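The sequence shown begins at 774 in our numbering and counts up one residue at a time.
Read the structure below first, then the notes.
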Amino acid sequence: MSAPSLSQHTTTLRFLDSADGSPLGCLASWPNHRFTLTDVVDVLRRFGLHVSDHRPLDEPGAHHFMIAPSGTAAPDAGVLDLIAEAFVAGAEGRTDIDDFSILVLQEGISWRWVDLIRAAVRFLAQAGIGLSPTYMLGCLTATSGYAAALAALFDARFRPGLPDREAAVAAAASAVAGHIDRAATFDLDRTLRGLRSFVDATLRTNWFQSRGTKPYASFKLDPSALTVGGAIVPLREIYVHSRDVEGVHVRAELVARGGLRFSERPEDYRTEVLGLMATQAVKNAPIVPGGAKGAFVIRPGSTADLTTAYTTFIRGLLDVVDNVVDGAPTTPTDTVAYDGADAYLVVAADKGTARMSDTANAVAAEYGYWLGDAFASGGSAGYDHKAMGITARGAWVAVRHRFAELGHDVDTQTFTVAGIGDMSGDVFGNGMLLSDRIRLVAAFDHRHIFLDPDPDPDASHRERARLFALPRSSWADYDPAAISAGGGVWPRTAKAVPLSAAARAALGIDAETLTPDELIKAVLRAPVELLWNGGVGTYVKASDETHGDAADPANDRVRVDACEVRARIVGEGGNLGFTRAARVEYARHGGRCDGDFIDNAAGVATSDREVNIKIAVDRAVAAGTLAPGQRETLLAAVTDDVAEAVLTASRDQVLALGCSEHDAPALLTQHERLIEDLVRAGRIARDGDGLPPTAEIRERSRAGTGLLRPELAVLLAQSKNVVASELAASSLPDSPACTPWAENYFPAEILARAGSGVAEHPLRREIVVASLADELVNRLGPGALYRFEERFGAATADSARAYVVVSRVLHTEDIRTRILAAGSDARSTLAELSALARVVEAEMAWLLRHTARRTLRDVLAGACDDADTPEALVALFAAPVAAALGDRPSAEACRGAFANAAVALRLGTDPARVAAARDALIDSLHLRWLLEGFATRVRGSYWEAMGAAALRDEISDRLDALVVTALDGSAADPTGRTHRLVRLLDRLRGEDAVDTARLAVIAGELRLLDR
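Pasting the structure below:
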């Protein structure tokens, strides 16, 4: 579609007066003789002007052209002036001269408005309208007046200082609507409506900034207002368009972060970036910002280099977001905004932009953007992820845990590995150095295939370390002497690769020769203990998926099905190595994996902490409590603290999945309810997220199995997103009781030296929300809060308040730390953590049930004025609970702690005496096994679970009443009834089956004892 460029030359075009009816003529000059006559004739043709005659003039580079008459009326002088302006703008590189240029003549609009139409059409093509730009241009040329009307609507909406904007918009919108109403075909209607929706969806633009002289255009959109699009709909989108660069940045939330990548998919980069944003939104569940992603391409024919294109893209983003000036969001000059305050834009390095954070930060500094060098994390004043090895170390936390669950210690016992990547890469290289017990038998990247059938762990570890330190190394640099017999390195361009007997044994194949593509498939299917993905690409799909479902055509030739992967464990340091359905299929066949958004979350968590620490430090510098010269020193000093916090968060998330898997069979019905709730809320798509349909859940229920780890991983992450969203809408994050979740986010040295910046952090509330939601879901598992909502009608904020109180009063994090430090095997540790979670959940349930009851309200009212706030509840219960439990209670010792404290407060007695009475009563009635194992013993339908929970609450209340009776000495001699209850409970324990019928009998017997 593009005509030859006329840029970088002084060019003029002037039309001659043809008022006397003579043919239209024009004078054109390009003094440097760089263009051929054919070039200029073609440019004029793009404007609908066909040259019938030509003669050179005496002035060098000047020419006279005669324009052939057309079948329509000759253009008026105003339109000819617009064509002349467009001709010169094209020559100066300010616009494209292409097939869209005909709109200048047809619509009588300037070249800038043609740029707007071109940008909108190209965006619709990316958005999935299913029509080519050429086809849509044909629709426009067939609808005379529409492009001009659309330009008028855009002008009315966004021209700064318009006196009566409402009337202007109404008039322009009416004209546009009239054209749409008269559309005669479906494709025409779809095109016109799509273009109208682009204008309507635009919330801001830089179109009028700098008096409209910027060489690129930015449009901030509300994608939900578009008439085109797919299943993934971002909250906000910024589209940048210019002659050289084009791209989008999408956000799932206003406060969001994600990388900006140089895309190699010019035809569908938006599809690429939407999928990545969806993954990022799940990956970002434990951190403050939601998911975002950006991608840009260099347009065909452009001579712009990558840095120039990236800089233009960054400028386009910053043009349409707010800055913070004197503590308040400030909209850019000459910008009409239809959205609210929007001042949080952070970006990160990604594919093709790994070393460009300083470039982005330099642009942000030029704009005076309030985040400074926190705008793009990982620059020269930030944390170097490769030097820290943080992404690989985070993924290795997951790998280590999966091996530990199988009884294997990766630090002392050797294990075989096949890999995707090479030692020059951050994730692959760092990962393959994290244990000297690794036996890397095969690996590949985009250049080579590496085979080492029987590697020596120590020698190969040394050689990998050498390659990692060697700049721009490849597998071809691997010392042949360090490779075991029968191995080697082959380029992927080789015609065929001969395989030794040792190589065939290591890969578990019989073929003596394979093509490079076949060999890569064999590596992916190798019978190793770990498949380590540290590369780029989607290499594994489910057997019922097509290669198109993997959305990575570059690797269609080497992709395998998940059921063919024989590795016992998968570590996903790289993104999108498996499709979601592939992970489920792999897990169904016995493989151990969680998901890329779990394994490699440490990188984004590090960037998030970098941004927020820099904000706090910069505020302290501005307040004068920290010397400016100490900023970089302080940031560097807490590097290890940041890494430790991030790796701890990764560990906690992996442990949460382990506990969820431990309880999955018992919680299957409740997990199904959670899936249904998340689907209704639009948080997940059951099929797209790889979650089982109802029929399959029924089959698993009959088989006594639960959700698989990759399925639980989706529920875990999305539960965090839901909890965070609902907490943000409540007042709980503002409670002083939540202060620890803000302060514990920052390293101790930051609190000590930049405490004022932490106290006044503009995202303090968001930090509390993210930290509390992450901890709450990690500790209790996905769906716990949904159970409270179903049982008690408790809102998320109510349940979170109960968690804050319980965790602070019982010091549950200290208990958890002791469990993890005990050195038990992985499965025993998970069982203990699950038991702790059940105790916390039981105490939260007690608090939720009783805070509205008059008995507790009376106690609270006598203790403090503001009885229902979390800080009041903590103050009320802390002392009596501590008195009863002592300094280092076990998890099980905490069961009933709040009930005991309430009784002690009510009766004015010693809390330890109450606890002792409860323990004695539980033991005498043989109730302990039922109370401890209730959560995992009750199975069945939703109603069965709800009924059992209600009866569990009644049993707990009856027990409380019996404790009071025992303490005040008013109990009658219940020996006969006690013996009867004990016999029933012993019989029930022998049957090892708990349901509502049996629980109803036990509750009834306790009721008789309480008379």
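The beta carbon of each residue, even a glycine, is placed where N, CA and C say it ideally should be.
For clarity, every value in this text was computed on a predicted model and none was experimentally measured.
Query: Contact check, M1050 vs V1023, beta carbons under 7 Å; Result: yes
Query: Coil, strand or helix - C1366 by DSSP; Result: coil
Query: C-beta atoms of S1380 and G1167 nearer than 7 Å; Result: no
Query: Alpha-carbon spacing of I953 relative to L965, whole angstroms; Result: 6 Å
Query: Strand pairing of K993, partner residues [DSSP]; Result: R977 and I1011
Query: Buried versus exposed, by CB contacts within 10 Å (16 or more), W1789; Result: No answer is possible for residue 1789: it lies beyond the span of the chain, which begins at 774 and ends at 1784.
Query: T785 versus E865: straight-line alpha-carbon distance, rounded; Result: 10 Å
Query: Per-residue DSSP class, three states only, for I953; Result: helix
Query: Distance between D1692 and L1772 (C-alpha atoms, nearest Å); Result: 20 Å
Query: Check whether A1393 and A1527 have beta carbons under 7 Å apart; Result: yes
Query: Distance, V1109 Cα to Q982 Cα; Result: 10 Å
Query: Assigned exposure category for Q1186 - 16 Cβ within 10 Å defines buried; Result: exposed
Query: Separation of R1220 from T1288, as counted between CA atoms; Result: 14 Å
Query: Local Cβ density within 10 Å of H1362, reported as buried at 16 or more and exposed below that; Result: exposed
Query: Straight-line Cα distance separating G1198 from R1265; Result: 18 Å
Query: Delimiting residues of the alpha helix (DSSP H) encompassing I1163; Result: I1163 to E1178
Query: Coarse secondary structure for R909, derived from DSSP in three states; Result: The residue you asked about is not Arg; residue 909 is Met in the sequence shown. M909 falls in the helix class under three-state DSSP.
Query: Span separating the alpha-carbon of G1461 from that of T1052; Result: 12 Å
Query: Element boundaries [beta strand (DSSP E), containing N1385]; Result: Run containing N1385: none in the beta strand (DSSP E); it sits in the alpha helix (DSSP H), A1374 to A1396.
Query: Contacts around S1663, its chain only, beta-carbon distance under 8 Å, and the 5 residues preceding and following it disregarded; Result: I1588
Query: Per-residue burial, F959 [other beta carbons within 10 Å of its own, 16 or more giving buried]; Result: exposed
Query: Chain-order list of residues whose beta-carbon lies under 6 Å from that of K1387 (same chain, five-residue window excluded); Result: A1147
Query: Assigned secondary structure, S778 (DSSP; H/G/I helix, E/B strand, else coil); Result: Caution applies to S778, whose pLDDT of 49 falls short of 50 and renders its modelled position unreliable; the model cannot decide the point.
Query: Backbone CA spacing between L822 and D790 [nearest angstrom]; Result: 16 Å
Query: G1402, buried or exposed, once every other Cβ within 10 Å from all chains shown has been counted against 16; Result: exposed
Query: When K1268, G1260, D1367 and A1267 are compared against R1277, the one with the closest alpha-carbon; Result: G1260
Query: At least three beta-carbon pairs within less than 8 Å, the stretch 1133 to 1152 to the stretch 1172 to 1180; Result: no
Query: Opening and closing residue of the beta strand (DSSP E) in which I1071 lies; Result: G1063 to I1071
Query: Exposure label - Y1559; buried when at least 16 CB within 10 Å; Result: buried
Query: Close beta carbons around V1687, own chain, < 6 Å, minus the five adjacent residues each side; Result: N1673, V1676 and A1677
Query: Check whether A1315 and A1360 have beta carbons under 7 Å apart; Result: no
Query: Sheet register partners of I840 (DSSP bridge); Result: V824
Query: V1419 vs A1375 beta-carbon contact at 7 Å; Result: yes
Query: Buried or exposed by the 16-neighbour rule on C-beta atoms within 10 Å, applied to S1208; Result: buried
Query: Sub-7 Å separation of L1500 and V1542 beta-carbons; Result: yes
Query: Under the three-state DSSP convention, the category L1272 falls into; Result: coil
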